[in-house]
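Taking the numbering used here, the leading residue of the sequence shown gets 54, the next gets one more, and so forth.
We put the beta carbon where it would ideally sit given N, CA and C, even for glycine.
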Amino acid sequence: METTSLQRGQWGSRIGFILAAAGSAIGLGNIWRFPYLAGEGGGGAFVLIYLVCVVAIGMPYLFAELSLGRKSQRNPVGAIMAITGPKSMWIAVGAFCVLAGFIILSYYSVIAGWAVGYAVKDVIAPTMGFEEFAASPGIVIGLLAVFLLLTLVVVVGGIEQGIERWSKILLPILFVLMVLVIVRSVTLEGAAEGIAFFLIPDFSQVSLDLIIVALGQAFFTLSLGMGAMITYGSYLSKREDIAISGGYVVIFNTAIAFMAGFMIFPAIFAMGVDPATGPALVFVILPEVFAQMPLGGLVSFTFFVLLSIAALTSSISLLEVVVSYFVDETSWSRKKSVLIIGGLTFLMAIPSALSQGAVDIFSDMSFLFGEGGILGQNDFLSILDYLVGSAGLAIGAFFLSVFIAWIWGASEAAEELKQGSTILTRGMITTWVFMMKWIIPLVVAVIVIGNVLGVDV
Ligand code: PHE
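What follows is the structure, encoded as structure tokens:
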């Protein structure tokens with residue numbers, strides 16, 4: 054089997070893996086979703102709860118996905134099959150992961166395409182507002198194609214030469230660009246108020262709904278619940294320390310979310326804008342804020358370039374989940390898999406691209422979901438995001454955590470986690486096994502129920 058694992062590829066270095074996995078985690082979730090959720094959820098209180106969810110729930114579960122991947126050296130379907138044999142019902146959970154990767158990639162690329170478009174908006178559509186922009190079929194489909202193509206180019210290069218190499222280049226650029234925008238933002242007059250809103254908790258805002266939303270965000274932002282981290286874990290060497298590397302991924306991802314807050318809230322408060330505007334925050338409110346501030350054109354360009362970069366390092370992990378399945382389980386080469394899946398993703402993304410006003414049946418699906426839609430949204434993109442990106446990830450995380458803790462066995466999983474690890478003490482392992490068996494499935498079940506009942510902040 055030596056040759057198979059060579060063909061499969063492996064991360065070239067610890068830092069390479071950390072940056073690739075952090076790249077998967079760092080994305081629209083940090084720079085678009087987290088700030089608008091924090092804005093709606095009252096600022097500091099949400100941020101604090103989110104932090105607790107990430108460290109106490111997201112991180113231990115991240116270790117579990119990475120361990121399952123490394124143990125089996127396979128994609129999510131193959132990983133489950135490696136433990137259950139080829140005829141188990143649990144394989145459906147792996148299949149769900151691959152399907153979720155495909156679907157999330159489709160609409161994620163549409164939003165990422167807008168980010169690309171906004172970076173060059175002064176050139177391609179200088180006078181358009183967001184509504185008109187998002188409803189222009191030629192523009193959004195063209196941008197989608199550009200973004201998807203970038204994703205394909207990275208993934209076709211493979212693990213070390215593609216994903217790892219590009220993550221090592223792109224993440225430092227992302228960091229530097231964020232620092233530039235932060236410097237501009239926090240030096241605006243009135244910026245302090247935004248920092249206070251973001252950092253000082255106001256506990257009168259806390260509700261069970263808010264906690265559930267924060268938990269869901271913890272899973273989304275760490276790319277959990279759909280096998281991305283199983284897949285990335287499958288390229289880890291047995292010598293690697295999952296706890297240390299995974300810990301760095303959590304630290305980097307959290308740092309970038311905080312930096313996003315420092316980019317956005319000082320600017321918003323300095324310009325006297327309401328932070329609780331929901332998903333429109335980044336594409337509608339921020340451009341208005343940028344337009345009013347000195348050096349705004351340059352800041353806007355920098356911001357949307359960095360948003361595109363963050364989205365790209367995540368979209369490659371979504372595509373890799375699907376590609377790894379075809380590479381491992383069929384006779385397709387990586388190149389063939391990337392081309393076919395890329396083409397299908399493009400087709401799948403078209404309804405989402407056209408769902409923001411361009412085509413009526415995709416923009417208003419009340420014929421399927423009733424007048425109220427889902428959480429008040431009735432467009433194709435928002436509905437996919439809810440069904441797969443929120444509820445789906447929670448359901449995926451539930452079944453995966455039960456699978457790892459009870460079918461594979463938490464103690465078996467702990468053996469894999471311990472392999473190569475120098476920092477895990479016996480007490481930590483015992484705690485982790487307990488968390489995996491009881492706390493995490495329970496907490497994730499609460500997120501699932503919350504999603505079904507339609508929690509919203
Ligand atoms: N974590 C990514 C983000 O924050 C999104 C993502 C989810 C990527 C699931 C891969 C898998 O944008």
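When the options are compared against residue i, the one with the closest alpha-carbon
i, options, result
"Asn504", "Phe305, Val266 and Ser408", "Val266"
"Gln63", "Lys291, Gly480 and Ala249", "Lys291"
"Leu227", "Val508, Arg479, Val499 and Ile79", "Ile79"
"Ala74", "Phe379, Lys471, Ile295 and Glu184", "Ile295"
"Ile192", "Phe422, Ala411, Ala444 and Phe356", "Ala411"
"Gly445", "Gly138, Leu115, Ile68 and Phe272", "Phe272"
"Arg61", "Phe251, Val303, Ser384 and Gly396", "Ser384"
"Arg67", "Ser162, Gly300, Asp327 and Lys124", "Gly300"
"Tyr439", "Val486, Ile297, Thr475 and Ile500", "Ile500"
"Ile253", "Pro88, Ala281 and Val100", "Val100"
"Val206", "Val376, Ile457, Ala245 and Ser257", "Val376"
"Val497", "Val107, Asn306 and Ser260", "Val107"
"Ile460", "Ile403, Ala198, Val146 and Gln126", "Val146"
"Glu242", "Phe322, Leu348 and Leu351", "Phe322"
"Phe305", "Leu104, Gly92, Val510 and Glu93", "Leu104"
"Arg123", "Glu293, Phe379, Ala458 and Ile502", "Glu293"
"Pro404", "Met181, Ser159 and Gln472", "Ser159"
"Leu81", "Gly131, Leu365, Gln472 and Thr484", "Leu365"
"Val151", "Met282, Asp327, Ala329 and Lys389", "Met282"
"Thr284", "Phe116, Ile362, Leu233 and Leu348", "Phe116"
"Tyr378", "Gly131, Ile102, Asn83 and Ala109", "Gly131"
Rounded Cβ spacing between residue i and residue j (contact assumed at less than 8 Å)
i, j, result
"Asp432", "Ser408", "4 Å"
"Gly247", "Pro319", "4 Å"
"Leu453", "Glu118", "7 Å"
"Ile177", "Gly170", "6 Å"
"Gly286", "Ser77", "That pair is no contact at about 11 Å."
"Met279", "Ala98", "Actually they do not touch by this definition, with Cβ atoms about 28 Å apart."
"Phe70", "Leu289", "6 Å"
"Leu437", "Ile156", "6 Å"
"Asp255", "Gly95", "6 Å"
"Glu391", "Val208", "Rather than Glu, the amino acid found at residue 391 in this sequence is Val. Yes, Val391 and Val208 are in contact; Cβ-Cβ is about 5 Å, under 8 Å."
"Ile482", "Ala467", "5 Å"
"Trp85", "Leu360", "7 Å"
"Ser368", "Tyr161", "6 Å"
"Ser238", "Met316", "5 Å"
"Leu201", "Phe399", "6 Å"
"Ala172", "Phe354", "6 Å"
"Ala402", "Phe87", "Not really, about 23 Å apart at Cβ, beyond 8 Å."
"Met489", "Ala463", "4 Å"
"Ile133", "Phe487", "Not confirmed; about 23 Å, so no contact."
"Pro328", "Phe250", "7 Å"
Span of the alpha helix (DSSP H) around residue i
i, result
"Leu268", "Leu261 to Thr274"
"Pro139", "Pro139 -> no alpha helix (DSSP H), and no H or E assigned at all."
"Ile493", "Ile493 to Leu506"
"Tyr89", "Phe87 to Glu93"
"Ile309", "Ile295 to Ala323"
"Ser77", "Arg67 to Ala78"
"Lys124", "Met112 to Ser125"
"Thr284", "Ala281 to Gly286"
"Trp219", "Arg218 to Val239"
"Leu437", "Phe433 to Leu437"
"Val209", "Pro190 to Val209"
"Ser454", "Leu446 to Val455"
"Leu470", "Ala463 to Lys471"
"Gly480", "Arg479 to Phe487"
"Phe186", "Phe183 to Ala187"
"Glu246", "Ala244 to Leu252"
"Phe99", "Gly97 to Cys106"
Environment of residue i [buried if 16+ CB atoms lie within 10 Å]
i, result
"Gln345", "exposed"
"Val374", "buried"
"Met231", "buried"
"Val508", "buried"
"Pro129", "buried"
"Thr56", "At Thr56, the pLDDT of 39 sits below 50, so the modelled position is not reliable and the matter cannot be decided from this model."
"Leu90", "buried"
"Leu59", "Unreliable positioning characterises Leu59 in this predicted model, as indicated by a pLDDT of 47, which lies under 50. A coordinate reading is not provided."
"Gly423", "exposed"
"Glu469", "buried"
"Met142", "exposed"
"Val303", "buried"
"Thr274", "buried"
"Leu203", "buried"
"Phe420", "exposed"
"Pro494", "buried"
"Pro347", "exposed"
"Arg479", "exposed"
Closer than 7 Å: residue i CB and nearest the ligand ATP heavy atom
i, result
"Phe200", "Among the ligands in the structure shown, the ligand ATP does not appear; only the ligand PHE can be found there."
* Quick one: which unbroken alpha helix (DSSP H) runs of 4-plus residues sit fully inside the stretch 337-425? Chain order, please. => 339-345, 349-382, 387-406, 413-416 and 419-422
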